[in-house]
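> Once you've had a glance at the structure underneath, I'll fire off some questions.
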Amino acid sequence: MSETISLLSKLITYPSITPQECGIYTLLKDFLSPLNQHYTTHIIEQENQGVKNLFWIALPRHITIENQTENQTLHSKNLEGLMHLCFAGHIDVVPAGEGWDNDPFSGQVKEGIMYGRGTQDMKSGVSAFMCAIKDFLLQDSLSSSPMPFALSILLTSDEEGEGTYGTKVMLDQLKTLGILPHFCIVAEPTATEKSGDTLKIGRRGSLNGILRIKGKQGHVAYPEKCLNPVEILGHKLGDLAGINLDNGDENFTPSKLIITDIRGGMEVVNVTPNELKIMFNVRFSPASSEDSIRSYVQEVLGNISYDLELKTSSLPFITSRDSKLITHLSQVISHLYTFTPTLSTSGGTSDARFFAAFGVEVVELGVPNDRIHAINERVSCQDVENLYQIFRNLLQSFYLSNPKE
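Position one of the sequence shown corresponds to residue 198 (the numbering used here), numbered consecutively onward.
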């Protein structure tokens, strides 16, 4: 069993259901500890409301922090003029639920497949980049030409939850210190069939809405005395549900309003409802915004009586297709395998949005996602090994393309 698969199996045995960290950071810090004799490394840890975050960074061998103490704060002057590449992810998982064929926290391998909660989402990604970073740095430590960039890891135990105290909070601190990364790879499971076949270069924004149509309750035998909100909405529903709100662009599909729940009345057949409540979500491209979505809904509803609540949970973002990070990744994957990765913005939200909001060039890349959050979640060990190879070769690519001291 390779070190990558062995580490993944260990990670699965920690039942780190959001926001629990369960001691994983101690395991990972110990895993990286052999690097301390070769590099100046620095660790920042945070804990808030049960959420734990970890930031680890290795500086090139020619850079030292004078009079370093355990509590000394890393400062921007330590990274001045250096490119900073970060690998990020989450160690928390969703609850396992019932009906598994095996213990969901066993990390058991059968016929080249590892089973367990988090095997795809996303402890496989964490294991792959941890091993790639360790192997790259150990090799670099023997080289006469030192690594010409700073290399870091950012982990949180609050991605599957609200994300309030997770990645964003750590990025706030890194910004204050002046050490935000220039580039970041978030190792979320993005692949369709095999590791590396899809790069997420951006994400749509997400907006949640609640619409309440006001009516007047009454007896169905006297409809003239009632004001039925179902009838009020009536033909207008077709102008809301599933309608494209813009035309999208080369990177994004059109924004669309999707109704997720409609309810009203008292589950009886002889009383009209007093109110109709509709819940919906809009995944939107940069061509739309909360204001434009609100304006569209208001235009459709006209002068009927209603209340409308909108809340944007994330904004759309895009990393340029010809950016340095995407170019390197595409070249590495095409060289290793017989395909060129698809560049996509589909799917749900992730912590990549926080990096983008801080101006970091970010891409998501990981193993297939066909079993995420499912009973008997599993991952091919070969896909994990392939992801390791992509990350390892990417580091070498960055090493060769940056000027050495």
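For glycine and all other residues, C-beta sits at the position ideal for the given N, C-alpha and C.
Under 7 Å Cβ to Cβ from residue 268, same chain only, skipping five residues before and after it: list those, please.
A caution first: residue 268 carries a pLDDT of 43, below 50, which makes its placement in the model unreliable, though a value can still be read off. Cβ neighbours of residue 268 beyond the five flanking positions: none.
> Rounded to the nearest angstrom, what separates residue 568 and residue 309 at their Cα positions?
16 Å
> If contacts are defined as beta-carbon pairs under 8 Å, then residue 221 and residue 393 qualify, I think. What distance do you get, rounded to the angstrom?
With 8 Å as the limit, residue 221 and residue 393 do not qualify as a contact, their Cβ atoms being about 25 Å apart.
> Report the residue ranges of all beta strand (DSSP E) runs contained in full by the segment 319-393; include only those spanning at least 3 residues, in chain order.
For the segment 319-393, whole beta strand (DSSP E) runs of length 3 or above, ordered along the chain, are 346-353 and 380-383.
> Alpha carbon to alpha carbon, what distance is there between residue 385 and residue 266?
Only weak support is given to the placement of residue 266: the predicted model assigns it a pLDDT of 48, under 50, and the question is left unresolved by the model.
> Where DSSP assigns a beta bridge to residue 281, which residues make up the other side?
347
> Need the endpoints of the alpha helix (DSSP H) that residue 541 sits in, please.
Here residue 541 belongs to no alpha helix (DSSP H); instead the beta strand (DSSP E) covers 539-541.
> Per the DSSP calculation, residue 565 is bridged to which residue(s)?
Paired residue(s): 388.
> For residue 401, does the three-state DSSP call read helix, strand or coil?
Coil, per DSSP.
> Would you check if there are 3 or more beta carbon pairs closer than 8 Å linking the segment 370-388 to the segment 473-490?
no
> Classify residue 432 as buried or exposed, calling it buried when 16 or more other Cβ atoms lie within 10 Å of its own Cβ.
exposed
> Under 8 Å, with one C-beta from each stretch per pair, do the segment 493-500 and the segment 362-369 reach the 3-pair mark?
Here the segment 493-500 does not lie against the segment 362-369, with fewer than 3 beta-carbon pairs under 8 Å apart.
> On the CB-based measure, 16 or more other CB atoms within 10 Å of its CB, does residue 281 come out buried or exposed?
buried
> On a CA-only basis, which of 381, 589 and 358 is nearest residue 510? Give me that one, please.
It is 358.
> Mapping the DSSP letters down to three states, classify residue 255 as helix, strand or coil.
strand
> Would you mind giving the Cβ-Cβ distance between residue 476 and residue 458, rounded to the nearest angstrom? I have them listed as a contact below 8 Å.
4 Å
> Identify, in the order they occur along the chain, each residue of the same chain with its Cβ nearer than 8 Å to the Cβ of residue 473, setting aside the five sequence neighbours on each side.
409, 410, 412, 426, 427, 429, 430, 459, 460 and 461
> So for residue 462, helix, strand or coil by DSSP?
Of the three classes helix, strand and coil, the one that applies to residue 462 here is coil, per DSSP.
> Terminal residues of the continuous alpha helix (DSSP H) containing residue 480?
No alpha helix (DSSP H) contains residue 480, which is instead part of the beta strand (DSSP E) from 472-481.
> With a threshold of 8 Å, are at least 3 pairs of Cβ atoms found where one atom belongs to the segment 202-220 and the other to the segment 577-586?
With contact defined as three or more Cβ pairs closer than 8 Å, the segment 202-220 and the segment 577-586 are in contact.
> Report the rounded CA-to-CA distance for residue 523 versus residue 560, giving the unit in angstroms.
It is roughly 7 Å from the alpha-carbon of residue 523 to the alpha-carbon of residue 560.
> Enumerate in chain order the residues of its own chain whose CB-to-CB distance from residue 380 is below 6 Å, with the five nearest sequence positions on each side excluded.
282, 522 and 558
> First and last residue of the beta strand (DSSP E) that includes residue 245?
237-245
> From residue 333 to residue 589, what does the alpha carbon distance come to, in whole angstroms?
7 Å
> Taking the alpha helix (DSSP H) that residue 597 falls in, what are its first and last residues?
578-598
> Where does residue 536 land, buried or exposed, given buried means 16+ other C-beta within 10 angstroms?
Exposed, by the Cβ-count rule.
> For a test of the three-state rule: what should DSSP assign to residue 264, helix, strand or coil?
Its pLDDT being 47, under 50, residue 264 is placed unreliably by the model, and the measurement read from it follows with that caveat. Looking at residue 264 - three-state DSSP - the assignment turns out to be coil, as it is neither helix nor strand.
> Assign residue 548 to one of three DSSP states: helix, strand, or coil.
DSSP, reduced to helix, strand and coil, places residue 548 outside both helices and strands of the structure shown, so it counts as coil.
> How about residue 440 and residue 516: are their beta carbons less than 8 Å apart?
no
> Across the segment 342-358 and the segment 530-545, are there enough close Cβ pairs to call them in contact, namely three or more that are closer than 8 Å?
no
> Could you tell me which of 566, 249 and 493 sits nearest to residue 219, measuring between CA atoms?
Residue 219 has its Cα closest to that of 249, out of 566, 249 and 493.
> May I have the straight-line CA-CA distance separating residue 325 from residue 582, to the nearest angstrom?
7 Å
> Tell me where the beta strand (DSSP E) around residue 508 begins and ends.
503-511
> Taking the straight line between their C-alpha atoms, what separation do you get for residue 555 and residue 549?
10 Å
> Exposed or buried, residue 206, counting other C-beta atoms within 10 Å across all chains shown (16 or more means buried)?
buried
> Could you check which residue in 291, 311 and 329 has the C-alpha nearest to that of residue 298?
311
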